[in-house]
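What follows is a single structure, written as structure tokens, with notes after it.
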Amino acid sequence: MSEKRGFKPKILVFSTNLISDVGIDYAGLLHMHYPATTSIIRLPCSSMIRPEWILLALESGFDGVFVAADGTDCPYLRDCTERTARRIDQALELVKKNGFRPERIKMAAICSVCAEPFVNHMKNFYETLKKLGPVRKGEV
Amino acid sequence: MGGKERRIGVYVCWCGGNISDVVNVEKVVEAVKDEPGVVVARHFMFMCSEAGQKMIIDDIKKYKLDAVVVASCSPKLHELTFRNVVARAGLNPYLYYHANIREQSSWAHGDDPEEATRKAIRHVKMAIAYLRHAEPLEKIRVSATPSVLIIGGGISGLKAALDLSRMGINVFIVERQPFLGGHLARLGEIYPYGRKGWEIVSALIRELRKRDNVVIYTNAEVESVKGFIGNFEVTIRVRPRYFKKKCERLEEAIKACPIRIPDEHYYGTRERTAIIPPPYPGAYPEVPAIDMNACTKCMKCLEICKDSIDFSQKDQIIKLKVGSIITATGFKPYEPKKGEFGYKVYGEVITLPQLMGILRESNGNKLTINGKEVKSIAFIYCVGSRQKPKGNGERVNTYCSRYCCNATMFTAIRLFEKYPGIKQYHIYRDIRTYGKNELMYEKASRLGAIFIKYSEDDPPKVYKDGNKLIVKVRDLLTERIELEIPVDLVVLVTGMEPNENEKLNEILKLPVGRGGFYQEVHPKLRPVETTLAGFLIAGTAQGPKDSRESLLSASAAAAKAAGIVLKGFIELEPFVAFVDPKKCELSKNCMAECPYGAISIKEYEGIGKRAWVNPALCKGCGACVAVCPTGAIQIRGLTNEQIEDMIKAAAKG
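What follows is the structure, encoded as structure tokens:
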């Protein structure tokens, strides 16, 4: 896939009220930069994500979806990582079936002080999506 | 987009410049003012100021707004502020959404003001999309039982109990050990003033025994907890102590007991029998207990204390009703592994708690260990604390245990005062005698303590050369010179570890943090609350603390527990799951997914059996939302429709 000039991938981020959104805030507090073409929706817990929301994001024009999961710090569920991973597995299948590349979905646990990991994830994901080019139904 | 026609006001904050220096706030207002539903959009220097709040309230009245967006700092700071603002104007506080354009835009994207402005616009548009479907919500009100359960009868549990009792609240204390007091009751003189640990404990016990609204269960453990905030049903199991009352010939009975095992009250520096007498003056209960794990039922004691001992006693099951639960289960001292700095290989290597136990009992002008006079001591700091991850997955304690530097400094001073002839080498990584404790560090230095700094990558070695115990260490302060110090005693300054509470953790399911201690919601904003409503934590169960800090947190937990039960009812956030019975096809996926048992099956009139969420049990995590095949189960205040429209709004940009 060729890199389109001036293409700025749009990323939808799902964060969690008590953990990863705090970590993302922390990145801001430290004035660390990451691509500003992100939009952030906060949820109580990453295991709430319905796979079709991820598909909806791609269909609506987001180039990628990043799930900032609670990980082992989840205040609600001890096995939050596994549960969120199950949602992501289903989402991967769903978007493939609908003609989108699964690389457009990424999940990582972001703790409440994980400013640097979040910023690095965003930068790397942004680069990956840049290489993939703009989202397009039927790309696979 | 459907939904109700809302009349929305949008307020974009400059945050003095924190936002407006990067984000073009005029552009944001321009971009959203004509969005469907938006009646008024403004920007202002400080929305959270008196003037900003008044602007919103005036607009709500003037333009008959029924929903409000404030785009400003993180919701963690001012979401509640603005919910209260709209409530003061007579609106439902949940017809409000907080767009984060400071932490998540201006501060993060100072390198790209144009994109930062676009991101702020998207975040405001998402908020507008959210509000188009927002419904007024009411807090969930449940009644509360005016009593509190405290798990753990150490210094923290006792203090919390006394505070609550004085507020007129019934208190139940459940202590696993046969006597109240915890670790503090095992200690002699403690820093900073040299008051004895057990004296502090027995003073608290004395006060508690005067109260008529405190019930104490020792030798007891929690068996199950059911219910929810305000209305917990707790079952406890009380194990027999096999003593009905005191025995006048107790000493004879103890002498007759053939069992000899290490006495935990003295950290194993002494032995005890299977009969445990009250271990310190003022201990509660005053009646001895028999340790059935050690007892062989030889019945020799029974012959001496016939009227007091009753081997036919059985476990008792007791049910309690409480409105809140404070977990104050304390810590466990780190037990060095065999061979760690020579521990359990050489008899002259002991831990700090053991030394404190020995000092508590030692008299005269000589300190002796294993019959030998001690003339020099090496303290090795940070044993079992601030450990480096080994990379093999083995659990290590990466945290600082806070009390140990202070306790060692205090012990050092006491040793100098009692045994001025003993040489002291303090082999440390960093000295963390924070606050006033710094004065002890200074005093110990002045009295002659020798400080040697080691590197965590090159810890000291303890070995024997013939009969001589030697500590070999590279001193970072003198150009890494390697020192070989012959000493008579090595004291390992051990830290704190989470107590062994496997069974309790299974029952309570309190969130556990990285160090294995119970985790608060927020270290500063909600320091003694857990994410489980109604469950509070106090003392070292939450993480290493000294006794002063434990007492502080105990009083904080007591105040929070009182706040829960005193009103007689509790208001919970309305963000819980609900079922649309018309959409529910009874897949029962949600029931299997819910870790709180909040979902059951209910008969709906005219519809039949469908899933039903008990709002008082639901924590609002949303795990059920993801697994529902028909989208019938959703979270109030964050419905599927709201999320879907937020996604679409953000994508349009």
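The listed protein sequences correspond, in order, to chains A and B. Under our numbering, the first residue of the first sequence is numbered 11, with each subsequent residue one higher. Under our numbering, the first residue of the second sequence is numbered 1161, with each subsequent residue one higher. Beta carbons are placed, not taken as given, at the ideal position from N, Cα and C, and that holds for glycine. Owing to the predicted nature of the structure, the values given are computational and were not obtained by experimental measurement.
Using a Cβ-Cβ cut-off of less than 7 Å, list which residues of the stretch 1749-1782 of chain B approach chain A; keep chain order. Correct list: Pro1755, Lys1779, Gly1780, Cys1781, Gly1782.
What does the alpha-carbon distance come out to for the pair A:Arg93 and A:Thr48? Distance between the alpha carbons of A:Arg93 and A:Thr48 is about 24 Å.
Give me the residue from B:Leu1251, B:Lys1224, B:Ile1518, B:Tyr1256 with the minimum Cα distance to B:Glu1239. The option with the nearest alpha carbon to B:Glu1239 is B:Tyr1256.
Could you tell me if B:Ser1209 is buried or exposed, where buried requires 16 or more neighbouring beta carbons within 10 angstroms of its beta carbon? So B:Ser1209 counts as exposed.
Classification of B:Lys1415 by the beta-carbon crowding that lies within 10 angstroms, buried from 16 upward: It counts as exposed.
For chain A, find out if any of its Cβ atoms is closer than 8 Å to the Cβ of B:His1293; answer yes or no. No - not a single Cβ of chain A is within 8 Å of the one on B:His1293.
Contacts around B:Val1543, its chain only, beta-carbon distance under 8 Å, and the 5 residues preceding and following it disregarded: So the qualifying residues of the chain are Tyr1494, Pro1496, Glu1500, Phe1501, Thr1511, Leu1652, Val1653, Thr1654, Gly1655.
How about the stretch 1281-1295 of chain B and the stretch 1798-1806 of chain B: do they share at least three Cβ pairs that are nearer than 8 Å? Yes, since at least three Cβ pairs between the stretch 1281-1295 of chain B and the stretch 1798-1806 of chain B fall closer than 8 Å, the two stretches touch.
Would the C-beta of B:Lys1624 count as close to the ligand ZN, meaning under 7 Å from any of its heavy atoms? Inclusion of the ligand ZN in the displayed structure is not the case, the ligand content being empty and no account of it being possible.
Short CB-CB distance (under 8 Å) between B:Lys1743 and chain A: It does not: the Cβ of B:Lys1743 has no partner Cβ on chain A nearer than 8 Å.
Does chain B have any CB closer than 8 Å to the CB of A:Leu142? So no, A:Leu142 is outside the interface.
Please decide whether B:Trp1267 counts as near chain A, where near means a Cβ-Cβ distance under 8 Å. With 8 Å as the cut-off, B:Trp1267 counts as an interface residue toward chain A.
What's the gap between the Cα of A:Leu87 and the Cα of B:Pro1755? A:Leu87 and B:Pro1755 have their C-alpha atoms spaced approximately 7 Å apart.
Straight-line Cα distance separating B:Glu1393 from B:Val1229: One C-alpha to the other measures close to 41 Å.
Under a three-way DSSP split, which group does B:Asn1158 fall into? Because residue 1158 of chain B is not part of the residues shown, which for chain B are 1161 to 1813, the question remains open.
Grouping DSSP H, G and I as helix and E and B as strand, with all else coil, what is B:Arg1292? In the structure shown, B:Arg1292 sits in a helix (DSSP, three-state: H, G or I).
Identify which residue in B:Glu1521, B:Arg1674, B:Lys1743 has its Cα closest to the Cα of B:Arg1430. Closest in C-alpha terms to B:Arg1430, from the list B:Glu1521, B:Arg1674, B:Lys1743, comes B:Glu1521.
Answer yes or no: do B:Gly1341 and B:Tyr1440 have a C-beta to C-beta separation smaller than 8 Å? In terms of Cβ geometry, B:Gly1341 and B:Tyr1440 form a close pair [threshold 8 Å].
Reference B:Asp1125; option with closest CA among B:Trp1267, B:Ala1211, B:Asn1260: For chain B, the structure presents residues 1161 to 1813; residue 1125 of chain B sits outside this window and is missing.
Can you tell me whether B:Ala1259 is helix, strand or coil according to DSSP? Reduced to three states, the DSSP call for B:Ala1259 is strand.
Identify every residue that forms a DSSP beta bridge with B:Pro1826. This structure cannot speak to residue 1826 of chain B, because chain B is shown only from 1161 to 1813.
DSSP bridge partner residues for B:Phe1695 (one or two, in chain order): Bridge partners of B:Phe1695: B:Ile1485.
Taking 8 Å as the threshold (C-beta atoms), are B:Ala1488 and B:Ile1310 in contact? Yes, the Cβ-Cβ distance between B:Ile1310 and B:Ala1488 is below 8 Å.
Where B:Gly1780 falls, given that 16 or more other Cβ within 10 Å makes a residue buried: Looking at its Cβ environment, which holds 16 or more other Cβ atoms inside 10 Å, B:Gly1780 is buried.
Express the C-alpha separation of B:Cys1750 and B:Ile1389 in angstroms, rounding to a whole number. Rounded to the nearest whole angstrom, the CA to CA distance from B:Ile1389 to B:Cys1750 is 22 Å.
Any Cβ of chain B within less than 8 Å of the Cβ of A:Cys55? With 8 Å as the cut-off, A:Cys55 counts as an interface residue toward chain B.
Would the beta-carbon of B:Thr1691 fall within 8 Å of that of B:Pro1671? Closer than 8 Å, so yes.
So the beta strand (DSSP E) B:Leu1309 belongs to, where does it begin and stop? 1307-1311 is the extent of the beta strand (DSSP E) around B:Leu1309.
Interface residues of chain B facing A:Pro85 [CB-CB closer than 9 Å]: The answer, in chain order, is Pro1671, Gln1679, Val1681, Thr1690, Thr1691, Leu1692, Lys1779, Cys1781.
Going by Cα to Cα distance, which pick from A:Tyr44, A:Pro61, A:Asp31, A:Lys20 is closest to B:Cys1788? It is A:Pro61.
Looking at chain A, is there any beta carbon in it that lies within less than 8 Å of the beta carbon of B:Leu1243? Strictly speaking, residue 1243 of chain B in this sequence is Arg, with Leu absent from that position. Taking a beta-carbon distance threshold of 8 Å, B:Arg1243 does not count as an interface residue toward chain A.
Start and end residues, alpha helix (DSSP H) containing B:Thr1700: For B:Thr1700, there is no enclosing alpha helix (DSSP H), since its DSSP letter is neither H nor E.
According to DSSP, simplified to helix, strand and coil, what is B:Gly1517? If DSSP states are grouped into helix, strand and coil, B:Gly1517 belongs with the helices.
Apart from the five residues on each side of it in sequence, which residues of its chain come closer than 8 Å, Cβ to Cβ, to B:Ala1811? Cβ-Cβ distances below 8 Å link B:Ala1811 to nothing in the same chain once the five nearest sequence neighbours on each side are left out.
Residue-level contact to chain B via CB, A:Arg60, 8 Å cutoff: For A:Arg60, the answer is yes, since a Cβ of chain B falls inside 8 Å of its Cβ.
Can you pull the chain B residues whose beta carbon is under 7 Å from the beta carbon of A:Tyr44, in chain order? Going along chain B in sequence order, the residues near A:Tyr44 (Cβ under 7 Å) are Ala1268.
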